[in-house]
Amino acid sequence: MANDREILREVWEGKLPISFQLDPDEVVELQQPDQFYLMVPRLSYFPLVTDKVRKHFLRYVANDKQDREMWLEYDGQPIKWHYPIGVLFDLLITSDDQLPWNITVHFDKFPENQIYRFNNKETVESYFMACLKEADVLKHRGQIASNMQKKDHNQLWLGLQNDKFEQFWAVNRKLMEVSSEQEHFKYIPFRCYIDDGYRQKLIKPVAEDGRRKTLQDLINEMFPGRNVNIKTHGMIPPLETPLQWMSEHLSYPDNFLHLCVQM
Amino acid sequence: MPSSLLFGINNEGRVHTLSTTGTMWREIPYAGQEFKKLSAVPYFLWALGGDHQIYVYVHGLDIPIRVREEAYENERWLPIEGFSSRLLPTDRYRFSNVDGTVDRSIDKIRLPSMAWQWEGDWQLELTLDGQPLDHQGWTYAVDFPAQYYSKKQWKSCVRRRLWVRSRRYSAMNSWCAIAPLHKDATSEPFIDISIGGQSVAGAEPGTMLVWAVTSHNRVMFRTGVSTKSPEGARWNPIPTPIGSEINQISVGPTGLVWAALLDGRALVRVGVTRDSLSGESWVEVRGPGDNLKIGQLSVGTCAVWAVTQNKQVWFRKGVKGEGAGLSEELAAGCGWVEMVGRMAQISVAANDQVWAVGADDRLVYYRSGVGASDLTGKRWKALHAPLQVSRASSNASLNRDKFHRSFNALQSRPSSMCEPSTIAEWEEQSHSAPTAPTSLPVGDLASKFETQPKNPKAWSPVHSVGSIVGTEVHPEVDESVWSDGSRESCIFAEDEELGWAEYEAPWSWVEAGACTVDPAQLPNWFAEVGGGNNHTEMGEPWRLRILDDLKLRLPTKDLYKEWQMAVDTTSWVHTGEARVSWGSGQFVDCVLQLEWVQITGTLTVLNPDGASTMNLFSLNDITCVQCCSEPGSPRLGIHVPRHSPSLLKFQFSSDAQLEEWQAHFATTCGRLQHVLGKPSEGSVWAVTTLGDAFIWDPTQLESNQLRENDYYVQKFDLSGKESPIKVALHGSFKPGTCLTLTGCIGDDADRIGINLDAHSTYRLRHKAHSEHENTCLHFNPRFVESHIVRNSMIEGKWGKEEKEGDLPLKRGQEFVLRIETTEDAFLIYIDDKLFTNYRHRLPPSSVSMLSIWGRLQPFKLVIKSPEIILDPLNLYWRQVGGHLRRVESCRVGVTWAIGYDHTAWVYTGGWGGGFLGALDSHNVHPMTDSQDYRVYENQRWNPVTGYTSAGLPTDRYMWSDATGKQKRTRDQVKLLSVKWQWVSDWMIDFHVPGGVDRDGWQYAVDFPGTYHAHKNFTDYVRRRRWYRRCAVATTGPWQELGHTKLIDVSLEPVKDDLDSIISVWALASGGQAMVRTGVTRSNPAGLGWEHVSSDQPLGSISCGPYNLVWATGKKGCAYWRIGITENKLEGERWVCVEPPNGGQLKQISVNVIGVWAVDHMGRIHVRKEVTTTFPEGTHWQTITPDPLVLNAAPNTTGFKHVSVGRNEVWAATNGGAILRRAGICPSNPAGSGWFVGIPGNWQQVSVRAFN
């Protein structure tokens, strides 16, 4: 069970300094807008935290573009809003020298080929809940998430949205419990980010002989014979960390371990 | 859940225990006897020895088993001789039992067996119903049987007095042999033993049933086994059907008995009820298959499991222990179900959890997944608990024989005939007897028998004290088993490492009868496969590295301190629908809105349209948020004492919503009142009638008030208020108190008055209270007469006026009036000049009110007090989790609590729990508690049909509460909230005061009357009580203390320093007093109980200072303990103190400021003239509830509880208001008047920590 509160809290408190700036080409006012500085929770998603950014830049863009979806770009690439912010950061930024994270804001030319459209926060919510359910299918054959009430789902979502650790974990702990018949999850829900995408595989937290599998075992199964580093939550977990524990404590709110693979 | 023990026998025949809180099997110190079979209920273990004799082992009891033998000595008055022991031929025996039917000559009352010892000699009982008797202890009556009185009258023809003597079971924590069936123990040895029956429906509490099988395949039932008589009285053979050779027997907790036959069939005993504990007849059950013979079976409450000789496991379906006594079907079940797994032996616990010994690997297995809905469970799980072995205990050569032979008086010689020589001889013999085991205990019987002396002699356990078999098996204290005795005898005592070893042994037997395991919270007995074991992970290097790395993630954090947060978490609004009741009115729909902005909050009650406001107030005004649910209606009470109405109740649509709001209120109000985290050690604790615990922490008030060189300051702004004005003064007005009033006198002022009033005195006359006012200081400037009159009013009468001096005050001018209190007078300053002094006529500490009248405009009032100024109405009560009946605290903050099921809990120093959930809490643990619902069934007799439920129109409801005023039907009773659930069905209560007949009825002449067990000719009505038990599961910062059930507890540090030993007195559920050893601030649970014997069962106990302990007897008198010193906290003996006239004391509280007690009529009594040299005082002063108290809460008729702190006395009324006594000072230790707090359904308060 995920009861190491110290770790959970530390993971939850993870924040990133981000400096937003509007694409100069989109500015219609004479004066260039100031950059917008924000501390953003690593565990959240961009559409949940950029209301203030949008408000800040809105009056600098052409009237006809103000109703359009805002999208973000870093280093020439549109940012995938459906990845947790921390994952994006770990993927894109390799050194602390690059702080704060400079992100360019666009209101025009939505890159439909590269990222999903989203109309509102409900889109993010339904994507988030879908991930959560998928994770639960892997962990408990989906029994826990499907037995939850709508109210619990709401609490999870609002907890994440409002950055309320206790509200979120009051429900999430049920998802992180192991059933009475088993001492561990059925499979570990995780995503290994590599080459502009991610890979998944069914991996059990224990080996055939009952031994607890570790991160090393996961790497061995995912990338046999290769020497890779795994990064998550801005740190490199030791390879001997047990997978079950990682899944309980280092999963993102969508209940997946998001592992950035560094070759 | 309390810890409990699983028992096992290993392949060497040694008995081991595994505690549900432990992780290792520990051996019961070996005493030279191997065992083959075990059967257990909590505290009582019966075993079949390797010698095929029966042994009983009583363990883990904190209170010795004591039985009080009573004999009444009867005498009759004869005309010439006076009272004489010569009785009439028709009279009772000279020494008899209470109703005279049994001869109880005191020289014929003997100890039942060698395991018992007398405690002292026969003594006279010198009280009758709590009232002391004259020195001879005689009580007088007109004739036998009749009402006995303490005084002799002219018509008293008979008298009697009571002789009492206590005996004690002294073979505790040791194996005590049960006498064999025949003189030659080998002629009919035993082959099986089983104990159960601890919860036979309606039976006397403490009943246990023991069944055994002899080598001649006879079935024996042990009569008279109970917690008061652990060895029982004698074996009774129970006939079995012809041709059935019984091999094994098992009795379940409800008394259901199954027996396995040699030919593979089984027999079931039917008709086991409270009236017929050994049952009526046998019913045959076939084995599970044609060639499958039942080898061993085990009976639980609703489950019977069997192992066949080919090691298959079978479950008997359809068995229901609760109805088994009445229904053959429920006793015998309806079919066998095969289970997977090969087992050698099986054992079912009282809660139907199943353990077994594997047939091949000899491991102990637990059946996981067994629950009420699935009695067969899911799979077998092996226990991986290592064996902890002390060399000392397993070293056979060190063995001394330590057996008690207990023989029943029926079967052997009395103890006095035991000569020392035979003891020596027996010990000599036994030295060679237990050899180091070389074979499995399942070995051949013959060789085992050889080693046992043929004709063991009996000896009294007195002679073997010091060599008693084993020490206490105490699950709480892991080391206690080994600490003393075994160390001494251990050769390797210096090197502890050597003395211990761990290994896993093959098991031959497992016994779960005493083991209670909650399948949802399994003990730490199973190997961890996946993640989960948190304790080991906390220190793992990878975990520490991850934690460090996480913390170091943003090294330049400080750069971004000023950056805006993406998500603002400091302001929010919570809205929901509810129903609201103002004061005591109806509930109406509303919308509740709780708004939190940065650091303040508002509660808005809106009309259901959500637009218009019904009421709105700041969260600052809330002093207490309490659950006040009624079954089916989840309700929350919000106390806002400064508003009108001062109590709002909200009703929610579900318990979940209620808890959500409760949690919101608790966190927001807590933040406003700065009561987050651990409460201070000086906190006041209180408990509501719903079992919720609350804390008031004085820290905040203290820091708000403490200003200006150690004085507490309270300021009132009176400008704009019009005279007359009354300001309640809650300071104690001790010497040093200074009151400063500034104001302006009106131009047209004639007489103005500034009074320091005390609480009025109330006199009760003809059921009506008359009020008599008291004024300590009447300060009355009269401008026409140009002087200032000073006076006092005592109980409505003015005293002599003092009017010396001129009039420094002028009309139309501002003034500063300062009144300083000294030991003997008020010093009155006007505009900083001493005007006069006024000698006290009433104790200044009784001042409770400042009243101002006449033409003047006061501006400001400032009170400076050397003591904290405490208005009980303004305290913020914060809830902590748990369901409790009592909480007691002490100066250094060590706090204990008692649940409704009498479980003792120790405060962990945490907070939260309950509705706050696990995440907003610290150091909380799961808790359970249980309560009984009771309804009465009433019937009236009529000449045609006898007793029927058709009553007279004027009668009470035929199903009612105890008073008969409320209608209560069994199916109507609802549980309070979803947290509660039923744990039993409706059952007839056979243990009602006054006694009941076979069917539970009590008879009386009419409703309401005195009820008695036997129907008399004049009895026209009868009633019986039904009860149903329910249990609650919650969490709270409490840790269970152990098994011993408590009814009262009191704590007091011995010295003033923080690390002092704390003297803890408690009463066990039977009313026995105990002291807890080793309690300190760092070890609040202490080490163990020591029993302190008393003549009478006690009902309440209090201790403070440590050398002053008072208690109340169950019959209403008081006791105080003498001889308590720092080195002897348990003191020497009790001294009886007569109760106040016409009152039976129910609860007592003592401390340095006095001895206070509540009686059964709701009055408080204060012991007067208590001095250090004469701590028992001389008489009681009675405080009756005055109208102020009676009006403090609805339905108040008197006091319920009183708690005495070092400076304060607080009380709770039976209406649920909390009160603080005013005006306590050395000259008036009983104080005067009460300050009233919120009516919060309080039932108990503890101010003992408050300083």
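Line by line, the protein sequences are chains A and B. For the first sequence, the residue numbers in the working numbering are 166 to 428. For the second sequence, the residue numbers in the working numbering are 556 to 1806. Just so it is clear, CB atoms sit at the ideal spot from N, CA and C, and this is done for glycine as well.
Taking 7 Å as the cut-off between beta carbons, the residues of the region 1115-1148 of chain B near chain A are Y1115, W1118, Q1119, M1120, A1121, V1122, T1124, in sequence order. When C-beta distances to chain B are compared with 8 Å, the residues of the region 174-204 of chain A below that value are E175, V176, G179, K180, L181, P182, Y202, L203, M204, in chain order. Neighbours of R1584 of chain B in chain A, taken as residues whose beta carbon is under 7 Å from its own, are absent, since the nearest beta carbon is some 26 Å off. With fewer than three CB-CB distances shorter than 8 Å, the region 1338-1353 of chain B does not count as touching the region 1255-1267 of chain B.
The DSSP-derived three-state label of Q365 of chain A is coil. In the DSSP assignment, Q326 of chain A falls within the alpha helix (DSSP H) that extends over 315-326. Here DSSP, grouped into helix, strand and coil, assigns F254 of chain A to helix. Beta-bridge partners of P243 of chain A (DSSP): A:E238. For L264 of chain A, the chain B residues whose Cβ falls inside 7 Å of its Cβ are T1111, in order along the chain. Chain order gives no chain A residues near L918 of chain B, where near means a beta carbon separation below 8 Å; the closest approach is about 16 Å. Counting only Cβ-Cβ distances below 8 Å, W322 of chain A has no contacts in chain B at all, with the closest Cβ about 13 Å away. A straight-line Cα-Cα distance of about 27 Å links I368 of chain A and E290 of chain A.
Assignment of beta-bridge partners to P792 of chain B by DSSP yields B:M775. F1220 of chain B places its beta carbon 8 Å or farther from that of V1135 of chain B. Between the region 1645-1654 of chain B and the region 1475-1482 of chain B, the count of C-beta pairs closer than 8 Å stays below three; the two stretches do not touch. N728 of chain B and W1062 of chain B do not touch by the CB rule: their CB atoms are close to 23 Å apart, not below 8 Å. The Cβ atoms of R922 of chain B and G399 of chain A do not sit closer than 8 Å to each other. Assigned with DSSP and collapsed to three states, V1634 of chain B falls in coil, not helix or strand. Of all residues in the region 1609-1637 of chain B, none comes within less than 8 Å of chain A when Cβ atoms are compared. In the structure shown, Y704 of chain B falls within a strand segment according to DSSP collapsed to helix, strand and coil.
Those residues of the region 373-407 of chain A placed with their C-beta closer than 8 Å to a C-beta in chain B are G375, R377, H398, G399, M400, I401, P402, P403, E405, T406, P407, ordered along the chain. The region 672-681 of chain B and the region 712-725 of chain B touch, with three or more beta-carbon pairs separated by less than 8 Å. Counting along the chain, the unbroken beta strand (DSSP E) around K1388 of chain B starts and ends at 1388-1394.
When the alpha-carbon of F1142 of chain B is set against those of B:P1508, B:V1160, B:I1719, the nearest one is in B:V1160. A residue is called buried once 16 or more other Cβ atoms fall within 10 Å of its Cβ, and V1690 of chain B, having fewer, is exposed.
In the DSSP assignment, E625 of chain B falls within the beta strand (DSSP E) that extends over 621-633.
Of the residues assessed, A1218 of chain B falls on the buried side of the cut-off, its CB having 16 or more other CB atoms within 10 angstroms. Taking the Cβ atoms as the reference, Q1736 of chain B lies roughly 5 Å from V1721 of chain B, within the contact range of under 8 Å. For the pair M1169 of chain B and H1567 of chain B, the Cα-to-Cα distance works out to about 56 Å. If you check the CB distance, R641 of chain B and N629 of chain B do not come in under 8 Å. In the three-state reduction of the DSSP assignment, Q691 of chain B falls in the coil class, being assigned neither a helical nor a strand state. Burial state of Y1558 of chain B is buried, judged by a 10 Å Cβ sphere holding 16 or more other Cβ atoms. DSSP places M894 of chain B in the strand class (E or B) of the three-state scheme.
Assignment of M727 of chain B by DSSP, reduced to helix, strand and coil, places it in the coil class. The three-state reading of DSSP puts A1640 of chain B in coil, since its state is none of H, G, I, E or B. Residue contact with chain B for E287 of chain A: absent (no Cβ-Cβ distance below 8 Å to any residue of chain B).
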